[in-house]
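Mapped onto my numbering, the consecutive letters of the sequence shown carry residue numbers 2 to 334.
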Amino acid sequence: MAKVMTVPKRQLAFVVDLNKCIGCQTCTVACKKLWTSGPGQDFMYWRNVTTSPGMGYPRNWETLGGGYKGDELLKGKRPQLMDYGVPFEFDYTGRLFEGKPGRARPSPTPRSAPNWDEDQGAGDYPNNYYFYLPRHCNHCTKPACLEACPNDAIYKRVEDGIVVIHLDKCKGTQACVESCPYKVPYYNLATNKANKCIACFPRIEQGVATACVAQCAGRAMHVGYLDDPASSVHKLALQWKVALPLHAEFGTEPNIYYVPPVLGPGMEDGAGNTSEQPKIPLAHLHKLFGPGVEEVLKTLKAERGKKMQGGKSELMDTLIGRRSADMMLSPLT
């Protein structure tokens with residue numbers, strides 16, 4: 002029997018502008034230092050930024066299944082530790098302070114790691130292409146992890162819709178890992194518990210933006226409540242409809258939305274002449290964000306054109322985000 006989902010009073014949501022993410026990993030480091038420095042968490046990056054197209058993190062997560070088919074909960078596969086990357090270290094002390102000879106090599110020898118294929122992308126020069134894809138838990142409206150958990154250890158907070166694991170109830174079954182199509186819950190072998198992004202709810206409760214949003218150097222991220230018409234997430238996702246969920250076909254109704262990439266030079270011919278045809282294939286964007294992406298790209302190009310000609314565009318002003326307070330709850334870090 003399907004579980005009754007909590008209907009929150011309001012839903013916290015995120016928007017990521019993929020035209021502005023520079024792949025600097027500042028958000029990744031901010032999250033890592035704040036939340037995943039405990040036992041058994043070395044391999045965990047609740048917040049991660051990978052290159053698209055690419056294998057992603059964990060490796061090949063898009064092919065591991067889970068989510069819903071209609072109302073049917075689907076059981077997917079668990080990523081293996083190698084899919085996350087076995088954590089490795091460098092002997093800095095020996096080389097810097099003890100005078101050990103030889104090069105400082107990672108140990109154990111890495112065979113995979115987050116961003117193993119960073120900046121590779123696809124296509125042939127000069128028409129090769131890629132963009133950065135930041136991800137963390139989607140805090141879904143219909144979270145597959147919640148329904149799959151046999152111990153009722155996962156719940157959706159009434160006050161903000163954030164999906165959280167009650168660690169005292171978690172028995173380490175990994176059902177959440179299997180059922181989540183985005184593979185954002187992680188199994189902690191040291192504690193026999195599942196761990197995942199908590200949307201920095203202690204910060205949210207104080208009216209402060211999540212660490213990843215507040216630290217974003219590219220000003221690519223927005224956070225706010227979907228029911229707040231003054232928030233940029235409401236405007237981008239619901240009013241202008243230029244921000245789309247990732248893999249909506251997974252059926253979990255995610256609450257992270259993405260403004261698809263529209264910037265960059267067009268295709269080049271052998272003489273170096275550029276055309277209006279974008280290097281990023283529309284088919285790849287369809288795969289990620291669905292058929293609605295084509296209309297979004299048209300809107301973004303039209304509004305950008307207004308701005309380039311000296312006109313006004315509230316949409317472009319919102320995406321530019323001159324004031325942090327217009328993009329997030331509070332920029333305090």
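By construction, the Cβ of each residue, glycine as well, lies at the ideal position given by its N, Cα and C atoms.
Compare the C-beta of residue i with all C-beta atoms of chain C and state if any pair is closer than 7 Å.
{"i": "Met-83", "result": "This model lacks chain C altogether; it includes just one protein chain."}
Could you have a look at residue i and say whether DSSP puts it in helix, strand or coil?
{"i": "Asp-318", "result": "helix"}
{"i": "Ala-123", "result": "strand"}
{"i": "Ser-232", "result": "coil"}
{"i": "Tyr-93", "result": "helix"}
{"i": "Gly-306", "result": "helix"}
{"i": "Glu-148", "result": "helix"}
{"i": "Ser-108", "result": "strand"}
{"i": "Gln-12", "result": "coil"}
{"i": "Gln-26", "result": "coil"}
{"i": "Gln-216", "result": "coil"}
{"i": "Leu-264", "result": "coil"}
{"i": "His-140", "result": "coil"}
{"i": "Leu-330", "result": "coil"}
{"i": "Lys-101", "result": "coil"}
{"i": "Ala-284", "result": "helix"}
{"i": "Thr-253", "result": "coil"}
{"i": "Val-297", "result": "helix"}
{"i": "Ser-325", "result": "helix"}
{"i": "Leu-227", "result": "coil"}
{"i": "Ala-238", "result": "helix"}
From the DSSP output, read off the bridge partner residues of residue i.
{"i": "Lys-157", "result": "Val-164"}
{"i": "Val-1", "result": "Here the chain has residues from 2 to 334 only, and residue 1 is not among them."}
{"i": "Leu-386", "result": "As shown, the chain starts at 2 and ends at 334. That puts residue 386 outside it, with no answer to give."}
{"i": "Thr-275", "result": "Glu-269"}
{"i": "Pro-203", "result": "The partner list for Pro-203 (beta bridge, DSSP) is empty, contrary to what the question assumes."}
{"i": "Pro-246", "result": "Tyr-258"}
Excluding the five sequence neighbours on either side, which residues of its own chain have a C-beta within less than 7 Å of the C-beta of residue i, listed in chain order?
{"i": "Lys-236", "result": "Thr-319"}
{"i": "Pro-262", "result": "Leu-19, Asn-20, Phe-132, Ile-281"}
{"i": "Lys-302", "result": "Val-263"}
{"i": "Asn-128", "result": "Met-268, Glu-269, Lys-280"}
{"i": "Cys-217", "result": "Thr-27, Cys-28"}
{"i": "Trp-36", "result": "Trp-47"}
{"i": "Met-45", "result": "Thr-37, Tyr-187, Asn-196"}
{"i": "Lys-194", "result": "Leu-168, Cys-171, Gly-173"}
{"i": "Cys-150", "result": "Ala-176, Cys-177"}
Would you call residue i buried or exposed, if buried means 16 or more other Cβ atoms sit within 10 Å of its Cβ?
{"i": "Ile-163", "result": "buried"}
{"i": "Arg-158", "result": "buried"}
{"i": "Ser-108", "result": "exposed"}
{"i": "Asn-139", "result": "buried"}
{"i": "Pro-182", "result": "buried"}
{"i": "Gly-271", "result": "exposed"}
{"i": "Thr-51", "result": "buried"}
{"i": "Tyr-258", "result": "buried"}
{"i": "Tyr-93", "result": "exposed"}
{"i": "Val-294", "result": "buried"}
{"i": "Arg-324", "result": "exposed"}
{"i": "Tyr-126", "result": "exposed"}
{"i": "Arg-204", "result": "buried"}
{"i": "Glu-73", "result": "exposed"}
{"i": "Lys-4", "result": "exposed"}
{"i": "Gln-310", "result": "exposed"}
Please list, in chain order, all residues of the same chain as residue i whose beta carbon is under 6 Å from its beta carbon, the five residues on each side excluded.
{"i": "Asp-84", "result": "Pro-59, Arg-60"}
{"i": "Met-329", "result": "Ala-210, Val-214, Val-224"}
{"i": "Leu-316", "result": "Trp-241, Glu-304"}
{"i": "Gly-252", "result": "Gly-68, Tyr-69"}
{"i": "Gly-124", "result": "Tyr-130"}
{"i": "Arg-48", "result": "Cys-28, Thr-29, Cys-32, His-137, Cys-213"}
{"i": "Arg-96", "result": "Ala-105"}
{"i": "Thr-142", "result": "Glu-254"}
{"i": "Lys-101", "result": "Gly-95"}
{"i": "Thr-300", "result": "Val-243"}
{"i": "Met-222", "result": "Val-17, Val-214"}
{"i": "Trp-62", "result": "Lys-184"}
Grab me the residues of residue i's own chain with a C-beta within less than 8 Å of its C-beta, minus the 5 sequence neighbours each way, in chain order.
{"i": "Leu-264", "result": "Asn-20"}
{"i": "Gly-156", "result": "Sequence check: residue 156 is Tyr here, not Gly. Correct list, in chain order: Thr-7, Leu-147, Val-164, Val-165, His-167."}
{"i": "Met-56", "result": "Trp-117, Asp-118"}
{"i": "Gly-219", "result": "Lys-21, Cys-22, Ile-23, Cys-25"}
{"i": "Glu-277", "result": "Gly-267"}
{"i": "Glu-90", "result": "Pro-107, Ser-108"}
{"i": "Pro-9", "result": "Lys-157, Arg-158, Val-159, Glu-160, Asp-161, Gly-162"}
{"i": "Pro-88", "result": "Asp-43, Phe-44"}
{"i": "Leu-75", "result": "Gly-66, Gly-67, Gly-68, Tyr-69, Ala-145, Ser-180, Pro-182"}
Can you list the beta strand (DSSP E) stretches of 3 or more residues lying completely in the stretch 173-201, in chain order? 187-189, 194-196
Runs of 3 residues minimum, wholly inside the stretch 29-94: which ones carry the beta strand (DSSP E) assignment? 49-53
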